[in-house]
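First up is the structure itself, then whatever we jot down about it.
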Amino acid sequence: MKTQLLTEHDIDTAAEILRSGGLVGIPTETVYGLGANGLNAAAVGRIFTAKGRPQDNPLILHIPDPAWLDRCCRNIPPAAYRLARQLWPGPLTMILQRRENVPNAVTCGLDTVGVRCPDHPLALAVIEAAGVPVAAPSGNLSGRPSPTCARHMLEDMDGRIDAILDGGPCGVGVESTIIDMTVPIPRLLRPGGMPLERLREALGEVVVDKAVTAQLGAGEKPRAPGMKYRHYAPKAPVIVVTGDSRRTARYIRRNLGEHTGVICFDEYAGQFPNCVIEAIGPVSDKARQARRVFDALRAFDSTDVDTIFAQCPGSSGLGMAVANRLKKAAGFRVVDLGEDAT
Ligand code: AMP
Ligand code: MG
């Protein structure tokens with residue numbers, strides 16, 4: 002299959018491919034998604050094949066307007082409508098009870114479905130033109146870092162999908178925050194582009210699921226099935242170092258080998274001699290760190306590094322999502338040097 006590169010002038014072509022059961026790479030504000038008609042089980046099945054995605058990892062439905070919520074979900078609690086009103090379009094996925102028209106191929110047989118309204122003009126235009134909810138996981142091969150530009154998506158998907166719509170680099174850079182709204186106290190299942198603090202402002206109490214910060218034990222089943230898989234991983238193993246940035250920089254300096262890669266804050270980029278450095282932004286700029294984290298992880302694959310150390314931001318704001326992606330890339334191999342107040 003030849004993968005076409007489309008531009009903003011090709012919205013109708015992209016929508017037509019979706020309507021006829023094909024696969025299109027779609028830019029969103031978080032990362033590039035691999036879209037298919039979310040009401041067509043055969044089309045959704047092709048997503049799993051193209052990505053090599055495990056069959057038990059459900060997909061998120063993307064809608065162009067909060068008014069579409071009722072098309073895919075039922076028993077929607079008032080708090081979900083409130084979130085939709087306040088925070089959509091935006092990097093927030095809500096887990097709600099599914100309607101019968103949502104195929105098992107999307108939910109992997111669960112009675113719930115993840116839904117979001119992305120904040121990207123091209124994504125909204127394509128979904129609107131297709132006239133159906135679009136099922137779209139991140140547009141990477143399963144296990145690889147998520148793509149934040151069309152070129153990265155093409156690296157993974159060339160020849161596997163019909164087209165990629167190039168909308169330039171993604172503004173947020175990490176995937177959506179996932180919140181389960183089917184339980185009495187809303188539960189954060191995956192940190193992402195919508196900070197936990199914003200959700201607590203809107204909802205009051207929000208519980209953070211254990212899978213967000215730690216590797217689950219052998220018998221434990223995550224509430225977001227995707228959280229159990231190793232993810233975002235470059236080819237070389239990653240070791241995450243948490244704590245105050247001066248201490249983490251010192252630790253990494255003391256442990257450098259011959260072919261070491263370092264993901265660090267900009268302030269420390271000059272402190273690791275003879276290493277491959279990926280600076281992901283200043284200590285205080287977590288939005289920039291979020292935009293850079295997947296590109297940084299991907300960049301090491303074209304080098305000869307055999308170990309990658311990563312400085313890790315504290316958990317406020319977007320730091321929670323950046324830290325989660327780094328720790329997942331590391332398979333939760335973490336050196337903990339104490340509290341980081343940021
Ligand atoms: P991706 O789109 O690749 O970022 O992956 C989607 C994430 O959403 C995965 O971690 C899924 O496990 C999660 N997800 C999708 N649908 C549901 C659902 N109904 N319940 C819980 N988690 C879900
Ligand atoms: Mg993904």
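Count along the sequence shown from 1, then add 1; that gives the number in this note's numbering.
For every residue, glycine included, the Cβ atom is placed at its ideal position computed from N, Cα and C.
Note that this is a predicted model, so its numbers are computed, not measured.
Legend entry - Met-182, buried or exposed, once every other Cβ within 10 Å from all chains shown has been counted against 16: buried
Inset, instruction - Please list, following the chain, all residues that have a C-beta closer than 6 Å to any non-hydrogen atom of the ligand MG. - result: Pro-138, Ser-139 and Ser-147
Inset, instruction - Just grab the DSSP bridge partners of Asp-112 for me. - result: Answer is none; Asp-112 lacks a bridge partner.
Legend entry - Stretch-stretch touch, CB-based, cutoff 8 Å, three pairs: the stretch 137–146 with the stretch 200–209: no
Legend entry - Gly-144 versus Gly-332 - alpha carbon distance: 11 Å
Legend entry - Of the residues Gly-174, Asp-120 and Gly-320, the one placed nearest Asp-66, counting alpha carbons only: Asp-120
Legend entry - Where Ala-124 falls, given that 16 or more other Cβ within 10 Å makes a residue buried: buried
Inset, instruction - Verify the contact flag: Thr-149, CB atom, against every heavy atom of the ligand AMP, threshold strictly below 7 Å. - result: no
Legend entry - Arg-99 beta carbon less than 8 Å from that of Ala-118: It should be noted that the sequence gives Cys, not Ala, for residue 118. Not a contact, by the Cβ cut-off of 8 Å.
Legend entry - Coil, strand or helix - Thr-249 by DSSP: helix
Inset, instruction - Would you decide whether Lys-222 is buried or exposed? Buried here means 16 or more other CB atoms lie within 10 Å of its CB. - result: exposed
Legend entry - Contacts around His-232, its chain only, beta-carbon distance under 6 Å, and the 5 residues preceding and following it disregarded: Lys-329
Legend entry - Span of the beta strand (DSSP E), counted from its first residue to its last, around Cys-265: 261–265
Inset, instruction - Find the nearest neighbour of Val-344 within the set Ile-179, Leu-217, Pro-274 and His-260, judged by alpha-carbon distance. - result: Residue 344 lies beyond the stretch modelled for the chain, which goes from 2 to 343, so this question has no answer here.
Inset, instruction - Could you give the DSSP three-state label for Glu-30: helix, strand or coil? - result: coil
Legend entry - Under 8 Å between C-beta atoms of Ala-37 and Ala-44: yes
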